[in-house]
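Just below is one structure, and these are the notes that go with it.
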Amino acid sequence: MAVALDLLRDLIRCNSVTPADDGAIDILVQFLEPLGFTCTRTPFEGDGSYRVENLFATRGNSGPHLLFAGHTDVVPVGDAGAWTHDPFSADVDNEGIMWGRGAVDMKSGVAAFCAALPAFIESGAADNCTISLLITGDEEADAINGTVKVLKWAAEQGHKFDFGLVGEPSSAEFLGDLVRIGRRGSMSFSVTVGGEQGHVAYPHKANNPIPILAGIATQLSCTALDEGNENFPPSNLELTTVDVGNAATNVIPAKGTLKGNIRFNDIWNAQKLEYWLGEQILKVPAKGCDVELNIKQPVSRSFVSDGSKHVDMLVDSVATVSGVSPERSTGGGTSDARFIADYCPVAEFGLVGKTMHQVDERVSTQMVLELQAVYAHFLDSFAQQG
Numbered sequence: 001m002a003v004a005l006d007l008l009r010d011l012i013r014c015n016s017v018t019p020a021d022d023g024a025i026d027i028l029v030q031f032l033e034p035l036g037f038t039c040t041r042t043p044f045e046g047d048g049s050y051r052v053e054n055l056f057a058t059r060g061n062s063g064p065h066l067l068f069a070g071h072t073d074v075v076p077v078g079d080a081g082a083w084t085h086d087p088f089s090a091d092v093d094n095e096g097i098m099w100g101r102g103a104v105d106m107k108s109g110v111a112a113f114c115a116a117l118p119a120f121i122e123s124g125a126a127d128n129c130t131i132s133l134l135i136t137g138d139e140e141a142d143a144i145n146g147t148v149k150v151l152k153w154a155a156e157q158g159h160k161f162d163f164g165l166v167g168e169p170s171s172a173e174f175l176g177d178l179v180r181i182g183r184r185g186s187m188s189f190s191v192t193v194g195g196e197q198g199h200v201a202y203p204h205k206a207n208n209p210i211p212i213l214a215g216i217a218t219q220l221s222c223t224a225l226d227e228g229n230e231n232f233p234p235s236n237l238e239l240t241t242v243d244v245g246n247a248a249t250n251v252i253p254a255k256g257t258l259k260g261n262i263r264f265n266d267i268w269n270a271q272k273l274e275y276w277l278g279e280q281i282l283k284v285p286a287k288g289c290d291v292e293l294n295i296k297q298p299v300s301r302s303f304v305s306d307g308s309k310h311v312d313m314l315v316d317s318v319a320t321v322s323g324v325s326p327e328r329s330t331g332g333g334t335s336d337a338r339f340i341a342d343y344c345p346v347a348e349f350g351l352v353g354k355t356m357h358q359v360d361e362r363v364s365t366q367m368v369l370e371l372q373a374v375y376a377h378f379l380d381s382f383a384q385q386g
């Protein structure tokens with residue numbers, strides 16, 4: 001079982017802040033190839049983003065096909081001097097806590113899944129299915145040259161997946177309390193109102209965009225999108241900034257912009273939301289001002305894998321190993337699971353995420369071993385169906 005901890009230590013010691021790899025993919029290739037995996041490096045670049053190192057590793061060519069997805073990139077450490085331990089040291093203290101950036105999000109998930117593979121393969125159970133790993137270095141930032149492009153490449157190679165398991169830190173308070181079976185979508189937008197600049201003492205010679213902008217802000221903030229459904233809470237719209245770029249108190253500004261984000265359930269899609277936004281904006285009289293709505297691309301879709309037999313298997317594995325019955329959740333933000341949902345049902349299960357992205361990110365080594373045990377149980381269940 002210490003294999004997971006050794007692998008996690010080696011991964012944490014890679015300074016793989018997006019898009020740097022710093023040897024993380026090499027470590028995984030060296031671990032997976034002796035187990036019979038065909039490892040293909042799939043770097044991508046372009047589309048206005050940086051070059052990313054990715055890995056697609058696969059073993060087997062028959063039976064049900066499981067895709068495990070994870071990432072080895074991490075967010076910046078911030079003030080390194082504020083850390084109790086070097087953020088890339090992977091120090092383990094006397095209480096069995098391993099410290100370092102990525103300890104929770106999500107080098108631990110990658111290490112635990114990989115560590116579950118040797119016994120699974122040695123037992124012969126792995127011969128009843130196909131196992132693939134998609135490891136990207138582009139989850140924490142642009143997410144342009146990572147998972148989405150590797151999936152497209154894999155499909156072109158003829159790979160078809162029956163279920164996707166993402167090792168993100170999905171648990172809330174303790175390991176096993178949540179299995180994420182879906183995610184809300186995310187749409188960011190801006191509304192720009194153009195008026196006419198002028199002197200505040202002569203308002204008839206200008207056209208102030210601020211009252212229009214304020215009216216639109218009020219309309220958007222006070223209008224409910226929906227009441228939610230059996231899988232999701234109500235969608236919510238939050239305004240994040242209103243700016244006119246005007247430092248003077250005696251000048252009517254020429255224009256102003258507000259920005260916001262909508263986290264939406266599966267009642268909506270991008271087209272419906274853009275139409276809804278347009279409707280709300282039109283309810284506010286423009287009074288001669290120009291009003292422009294802009295949707296930031298890409299829009300992250302909403303998805304849910306409710307009813308999947310593989311989700312049931314995962315929930316059973318979590319309950320068997322942890323002793324608790326996990327809640328099936330669609331809360332939280334977005335993840336690369338949104339891309340996998342275009343190819344197969346997908347769920348997320350991983351560690352408690354309380355310290356992710358924080359100073360002194362850390363994980364209990366015992367929890368990593370428990371996560372490995374959950375993955376091992378699920379692998380056996382997945383293979384048995386074949």
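Here UniProt numbering is used: the first residue of the sequence shown is 1, the next is one more, and so on.
A virtual CB, placed ideally from N, CA and C, is assigned to each residue, including glycine.
Three-state secondary structure (DSSP) of D10:
The residue you call residue 10 lines up with position 10 of the sequence shown. If DSSP states are grouped into helix, strand and coil, D10 belongs with the helices.
Which same chain residues, not among the five before or five after A383, have their C-beta less than 6 Å away from its C-beta?
The sequence position of residue 383 within the sequence shown is 383, counting from 1. Excluding residues within five positions, the ones whose Cβ falls inside 6 Å are A125, N128 and C129.
If we count the other Cβ atoms within 10 Å of its Cβ and call it buried at 16 or more, is D93 buried or exposed?
As a position in the sequence shown, residue 93 is number 93, starting the count at 1. When all chains shown are included, D93 counts as exposed.
Unbroken beta strand (DSSP E) run spanning G260, endpoints
Taking the sequence shown and counting its residues from 1, the one referred to as residue 260 is at position 260. Looking at the DSSP string, the run of the beta strand (DSSP E) that includes G260 is K255 to F264.
Are at least three pairs of beta-carbons, each pair with one atom in the region 279–297 and one in the region 202–219, less than 8 Å apart?
yes
So for M356, helix, strand or coil by DSSP?
To locate residue 356, count along the sequence shown from 1; it is residue 356. Of the three classes helix, strand and coil, the one that applies to M356 here is coil, per DSSP.
Out of R9, C344, A2 and D316, state which residue places its alpha-carbon closest to the alpha-carbon of D91.
As a position in the sequence shown, residue 91 is number 91, starting the count at 1. It is R9 whose Cα lies nearest to the Cα of D91.
Which of the three DSSP states is assigned to Y202 in this structure?
The sequence position of residue 202 within the sequence shown is 202, counting from 1. The answer is coil: DSSP assigns Y202 none of H, G, I, E or B.
How is F161 classed by DSSP in three states: helix, strand or coil?
To locate residue 161, count along the sequence shown from 1; it is residue 161. In this structure, F161 counts as coil in the three-state DSSP scheme.
If you reduce the DSSP assignment to three classes, tell me which class R338 lands in.
Along the sequence shown, one-based indexing puts residue 338 at 338. R338 falls in the helix class under three-state DSSP.
Determine the direct distance from the alpha carbon of V359 to that of M98, and round the result to whole angstroms.
For the purposes of this step, residue 98 is taken as the residue at position 98 of the sequence shown. For the purposes of this step, residue 359 is taken as the residue at position 359 of the sequence shown. Those two C-alpha atoms are separated by around 13 Å.
Quick check: the region 67–75 against the region 139–150, are there 3 or more CB pairs under 8 Å?
yes
Going by the CB atoms, is the gap between A154 and F232 shorter than 8 Å?
Counted from its first residue, the sequence shown places residue 232 at position 232. Counted from its first residue, the sequence shown places residue 154 at position 154. No, Cβ-Cβ distance for F232 and A154 is not below 8 Å.
Could you tell me whether the Cβ atoms of A69 and T147 are closer together than 8 Å?
As a working mapping, residue 69 is identified with position 69 in the sequence shown. As a working mapping, residue 147 is identified with position 147 in the sequence shown. Yes.
Give me the DSSP bridge partner(s) of A57.
Against the sequence shown, residue 57 aligns to sequence position 57. BP columns for A57 point to C39 and L133.
Of the listed residues D26, V77 and D105, nearest to V352 (C-alpha basis)
The residue given as residue 352 occupies position 352 in the sequence shown. V352 has its Cα closest to that of D105, out of D26, V77 and D105.
Use the C-beta contact count for K283: other C-beta atoms within 10 angstroms, 16 or more gives buried, fewer gives exposed.
On the sequence shown, position 283 is the one that residue 283 refers to. Exposed.
With DSSP collapsed to three states, give me the class of L175.
By 1-based counting over the sequence shown, the position of residue 175 is 175. Note: L175 maps to coil in three-state DSSP.
Closest Cα partner of V285 within the set I212, V193 and N15:
In the sequence shown, residue 285 corresponds to position 285, counting from 1. Checking the sequence, you will find Pro at residue 285 rather than Val. Checking every option, the nearest Cα to that of P285 belongs to I212.
Cβ neighbour criterion (16 or more within 10 Å) applied to K149:
Counting from one through the sequence shown, the residue named residue 149 turns up at place 149. Per the 10 Å Cβ criterion, buried.
Below 8 Å on the Cβ atoms is my guess for I144 versus Q197; work out the distance and round it to an integer in Å.
Counting from one through the sequence shown, the residue named residue 144 turns up at place 144. Counting from one through the sequence shown, the residue named residue 197 turns up at place 197. Not confirmed; about 37 Å, so no contact.
Is F113 helix, strand or coil by DSSP?
Stepping through the sequence shown from its first residue, residue 113 is reached at position 113. It is helical.
Where F264 falls, given that 16 or more other Cβ within 10 Å makes a residue buried:
Taking the sequence shown and counting its residues from 1, one reaches residue 264 at position 264. With 16 or more Cβ atoms within 10 Å of its Cβ, F264 is classed as buried.
Could you give the distance in angstroms between the alpha-carbon of T330 and the alpha-carbon of S190?
Here residue 330 refers to the residue found at position 330 of the sequence shown. Here residue 190 refers to the residue found at position 190 of the sequence shown. Rounded to the nearest angstrom, the two C-alpha atoms are 26 Å apart.
Which ranges does the beta strand (DSSP E) cover as unbroken runs of at least 3 residues, wholly within the region 283–311, from first to last along the chain?
290–295
Using the beta-carbon count (16 or more within 10 Å), is Y375 buried or exposed?
Position 375 of the sequence shown, counted from the start, is the residue given in the question as residue 375. Counting Cβ neighbours within 10 Å, Y375 comes out buried, since at least 16 surround it.
Tell me which residue opens and which closes the alpha helix (DSSP H) that V368 is part of.
Locating residue 368 in the sequence shown gives position 368, counting from the first residue. Note, V368: alpha helix (DSSP H), T365 to Q384.
What does E196 pair with, by DSSP beta-bridge criteria?
Position 196 of the sequence shown, counted from the start, is the residue given in the question as residue 196. According to DSSP, which records beta bridges pairwise, E196 is partnered with N207.
Answer yes or no: do A112 and E361 have a C-beta to C-beta separation smaller than 8 Å?
Within the sequence shown, residue 112 is the residue found at index 112, counting from 1. Within the sequence shown, residue 361 is the residue found at index 361, counting from 1. No, Cβ-Cβ distance for A112 and E361 is not below 8 Å.
For the candidate residues D266, D243, T365 and E274, whose alpha-carbon lies nearest to that of R338?
The residue given as residue 338 occupies position 338 in the sequence shown. R338 has its Cα closest to that of D266, out of D266, D243, T365 and E274.
When DSSP labels each residue in this structure, what does V29 get in the three-state scheme?
As a first step, residue 29 is located in the sequence shown; it is residue number 29 there, counting from the start. Three-state DSSP puts V29 in a helix.
Enclosing alpha helix (DSSP H) for V148 [first to last residue]:
Start at 1 with the first residue of the sequence shown, and residue 148 comes out as number 148. Unbroken alpha helix (DSSP H) run through V148: T147 to E156.
From G60 to D342, what does the alpha carbon distance come to, in whole angstroms?
By one-based count along the sequence shown, residue 60 stands at place 60. By one-based count along the sequence shown, residue 342 stands at place 342. Spanning the two alpha carbons is a distance of roughly 23 Å.
Suppose the cutoff is 6 Å on Cβ atoms and the five residues either side in sequence are ignored; what does the same chain contact list for K109 look like?
Start at 1 with the first residue of the sequence shown, and residue 109 comes out as number 109. Note that residue 109 is Gly in the sequence shown, not Lys. Cβ within range, chain order: G70, G167 and G350.
With I181 as the anchor, note down where its beta strand (DSSP E) starts and where it stops.
Taking the first residue of the sequence shown as 1, we reach residue 181 at position 181. Per DSSP, I181 belongs to no beta strand (DSSP E) and is neither H nor E.
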